[in-house]
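For the sequence shown, my numbering begins at 6 and goes up steadily by one. By construction, the Cβ of each residue, glycine as well, lies at the ideal position given by its N, Cα and C atoms.
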Amino acid sequence: MRKESLLNELYLQLIKQTTDHPDPNSRVNLRHWALLSLACSVILPPQKVVRKYLIGHLKRCASDFITEEGKYARFAEKCFFKTQGTRRRQWPPSREEIVCTINRRPIYARFHFMDGQYHSVEFHPSSTSREVMEIVKKKIGLQENAQGYAIYEVLGASERSLLPDEKVADVMSKWEKYRTAAAQAVQQNQSSSNLAPACRRQHHLFLFKKHLFCDQYMNLDDPVEKELLYHQVLHGLRTERFPISEMEAVMLTALQGQLELGDCSEVVQDYRAIAAHCLPPRFVPNIPHEGVAMHHQSLRGMTSAEAKKSFLNLIQSWPLHKATIFDVMQSFTSNWPRILWLAVDQKGLHLLEHRSRNTLCTYEYQSILSFSPNMNCLMIITGSDKKQSKVILTTAQAFQIANLIREYMEVMNSNAQLSDDSQKENTNNGNVMGAGAPGAPHVPPHHNQPLPPPHGTTVQQPDLRKGPGGGQRPPSMVLRQSNAALVAPQPS
Numbered sequence: 006m007r008k009e010s011l012l013n014e015l016y017l018q019l020i021k022q023t024t025d026h027p028d029p030n031s032r033v034n035l036r037h038w039a040l041l042s043l044a045c046s047v048i049l050p051p052q053k054v055v056r057k058y059l060i061g062h063l064k065r066c067a068s069d070f071i072t073e074e075g076k077y078a079r080f081a082e083k084c085f086f087k088t089q090g091t092r093r094r095q096w097p098p099s100r101e102e103i104v105c106t107i108n109r110r111p112i113y114a115r116f117h118f119m120d121g122q123y124h125s126v127e128f129h130p131s132s133t134s135r136e137v138m139e140i141v142k143k144k145i146g147l148q149e150n151a152q153g154y155a156i157y158e159v160l161g162a163s164e165r166s167l168l169p170d171e172k173v174a175d176v177m178s179k180w181e182k183y184r185t186a187a188a189q190a191v192q193q194n195q196s197s198s199n200l201a202p203a204c205r206r207q208h209h210l211f212l213f214k215k216h217l218f219c220d221q222y223m224n225l226d227d228p229v230e231k232e233l234l235y236h237q238v239l240h241g242l243r244t245e246r247f248p249i250s251e252m253e254a255v256m257l258t259a260l261q262g263q264l265e266l267g268d269c270s271e272v273v274q275d276y277r278a279i280a281a282h283c284l285p286p287r288f289v290p291n292i293p294h295e296g297v298a299m300h301h302q303s304l305r306g307m308t309s310a311e312a313k314k315s316f317l318n319l320i321q322s323w324p325l326h327k328a329t330i331f332d333v334m335q336s337f338t339s340n341w342p343r344i345l346w347l348a349v350d351q352k353g354l355h356l357l358e359h360r361s362r363n364t365l366c367t368y369e370y371q372s373i374l375s376f377s378p379n380m381n382c383l384m385i386i387t388g389s390d391k392k393q394s395k396v397i398l399t400t401a402q403a404f405q406i407a408n409l410i411r412e413y414m415e416v417m418n419s420n421a422q423l424s425d426d427s428q429k430e431n432t433n434n435g436n437v438m439g440a441g442a443p444g445a446p447h448v449p450p451h452h453n454q455p456l457p458p459p460h461g462t463t464v465q466q467p468d469l470r471k472g473p474g475g476g477q478r479p480p481s482m483v484l485r486q487s488n489a490a491l492v493a494p495q496p497s
């Protein structure tokens with residue numbers, strides 16, 4: 006996969022082995038065709054001459070509708086065109102991908118959701134995260150124009166959003182390498198009693214959830230999106246990504262009880278099981294049952310949809326309810342606590358006290374000059390060209406934070422560009438209309454004569470809010486947030 010000369014030679018040898026075979030249905034010939042199909046679904050020959058030769062060979066053999074060779078040729082041709090123009094694979098195909106290709110069928114994977122459910126989805130090995138996400142959206146009935154979602158890979162207690170052009174099959178291959186390495190480590194350390202259970206606790210899965218919480222990306226009128234956001238909010242509450250008071254905890258438990266139990270009964274119930282679905286674990290043992298029952302009683306007659314809407318409205322009372330929260334540490338000032346929260350949303354970056362709504366400072370995207378992630382820290386340069394300030398935050402999720410900042414800045418810059426274009430168009434239209442004002446002579450244009458140009462012109466100002474960086478972005482289930490970084494080793 007790394008040496009182009011060997012890759013071209015591999016394809017030429019496979020074409021030679023699959024040309025005019027005396028027994029097209031023989032096991033050896035079909036194995037050669039399976040290998041050729043697998044190669045076409047992973048990486049194509051770099052030389053254009055070899056590519057043309059390959060596609061000519063596939064088209065000629067695909068005209069055979071009698072033998073198994075023709076079926077493989079048509080499948081390989083389909084793999085060729087799906088792989089063409091996509092991002093280069095970073096990992097060799099996994100065992101599951103090889104088996105699916107030999108059987109001439111797409112690969113499949115489970116995609117989990119925040120409510121604990123999952124769907125099995127089939128996709129081509131060369132499909133990108135963006136393409137698979139569209140398949141998942143169609144599978145669950147989410148509107149096609151729904152935006153802001155992403156596929157996350159979950160490794161143990163850590164998660165990472167996939168890049169739009171990242172291939173899902175590559176992630177599955179990486180997981181297989183991790184599992185193989187973990188199994189080998191267990192075999193080599195049989196005397197260690199702690200290593201084996203730790204390796205068995207690691208799980209790998211794909212997670213589908215909201216990634217960018219922009220105003221134009223939110224559509225609570227769509228029942229599917231509303232349900233997804235509701236369960237994502239529940240997960241944020243359970244993992245203490247929404248700071249709440251004791252009174253808010255009582256109200257949320259009452260609303261959750263109205264959702265799950267309906268109207269309150271005369272007997273005071275034990276609300277700890279209900280509270281465990283919507284509150285952090287430290288709140289559950291001390292939840293006041295009488296207070297919850299009193300609020301639950303006041304909700305009598307409220308439907309599930311109304312209770313869910315009230316639940317979300319209570320969460321939205323916090324201005325940063327759309328922000329993604331990260332645990333960070335700072336050492337640049339002694340006036341703040343060492344452990345902080347970093348909230349990233351559509352408006353900018355916010356530093357808060359840990360597990361608190363107390364905002365210490367806010368950096369809008371217009372004031373961010375640059376940001377640089379490292380393995381264990383994130384450096385942010387803010388201010389202006391004349392006066393700058395440096396903020397260094399220690400975190401193992403620096404790359405994930407940097408990608409999220411870049412994506413929000415791209416959305417904001419895109420919105421600003423659309424606003425500038427709309428303003429420019431309105432100005433030009435106003436100038437054209439001004440030419441026909443009272444007192445101005447009106448000369449009807451000839452049918453073949455173009456309209457006169459507007460009298461005024463506008464100069465589009467540079468977008469000062471354009472941030473640095475570019476390119477494309479580098480997965481009742483309870484997922485824990487962690488500071489552990491997802492660092493994928495590069496294949497040798």
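Less than 8 Å between C-beta atoms, sequence neighbours within five positions excluded: which residues of the same chain meet that for residue i?
i: residue 60; result: 82, 85
i: residue 328; result: 218, 348, 349, 350, 355
i: residue 68; result: 75
Below 6 Å CB to CB, which residues in the same chain sit around residue i once its five sequence neighbours on both sides are set aside?
i: residue 47; result: 94, 98
i: residue 396; result: 385
i: residue 62; result: 20
i: residue 417; result: 370
i: residue 346; result: 330, 357, 359
i: residue 25; result: none
On the premise that residue j lies in contact with residue i, defined as a C-beta separation below 8 Å, what is that separation, rounded to the nearest angstrom?
i: residue 91; j: residue 134; result: Residue 91 to residue 134, Cβ: 11 Å. No contact.
i: residue 106; j: residue 188; result: Their Cβ separation, rounded to whole angstroms, is 24 Å, which puts residue 106 and residue 188 out of contact at 8 Å.
i: residue 179; j: residue 96; result: 6 Å
i: residue 387; j: residue 372; result: 5 Å
i: residue 13; j: residue 73; result: Residue 13 to residue 73, Cβ: 27 Å. No contact.
i: residue 305; j: residue 275; result: Not quite, the Cβ-Cβ distance comes to about 20 Å (not below 8 Å), so this is no contact.
i: residue 126; j: residue 113; result: 6 Å
i: residue 146; j: residue 229; result: 5 Å
i: residue 264; j: residue 313; result: 6 Å
i: residue 280; j: residue 288; result: 7 Å
How about residue i and residue j: do their beta carbons lie closer than 8 Å?
i: residue 119; j: residue 233; result: yes
i: residue 209; j: residue 159; result: yes
i: residue 258; j: residue 333; result: no
i: residue 248; j: residue 362; result: yes
i: residue 337; j: residue 406; result: no
i: residue 211; j: residue 115; result: yes
i: residue 43; j: residue 88; result: no
i: residue 301; j: residue 241; result: no
i: residue 191; j: residue 320; result: no
i: residue 155; j: residue 166; result: yes
i: residue 245; j: residue 285; result: yes
i: residue 216; j: residue 161; result: no
i: residue 77; j: residue 35; result: yes
i: residue 137; j: residue 176; result: no
i: residue 403; j: residue 431; result: no
i: residue 260; j: residue 316; result: yes
What would DSSP say about residue i, mapped onto helix, strand or coil?
i: residue 223; result: coil
i: residue 45; result: helix
i: residue 377; result: strand
i: residue 313; result: helix
i: residue 63; result: helix
i: residue 365; result: strand
i: residue 105; result: helix
i: residue 185; result: helix
i: residue 244; result: coil
i: residue 383; result: strand
i: residue 214; result: strand
i: residue 252; result: helix
i: residue 304; result: coil
i: residue 9; result: helix
i: residue 86; result: helix
i: residue 80; result: helix
Give me the DSSP bridge partner(s) of residue i.
i: residue 334; result: 344, 399
i: residue 166; result: 157
i: residue 388; result: 393
i: residue 114; result: 126
i: residue 532; result: Since the first residue shown for the chain is 6 and the last is 497, residue 532 is missing from the structure and cannot be characterised.
i: residue 209; result: 160
i: residue 133; result: 172
Leaving out five residues on either side along the sequence, give the residues of the same chain with a beta carbon under 7 Å from the beta carbon of residue i.
i: residue 22; result: 37
i: residue 465; result: With a pLDDT of 42 at residue 465, under the threshold of 50, the modelled position of this residue cannot be trusted; read the value that follows with caution. 425, 429.
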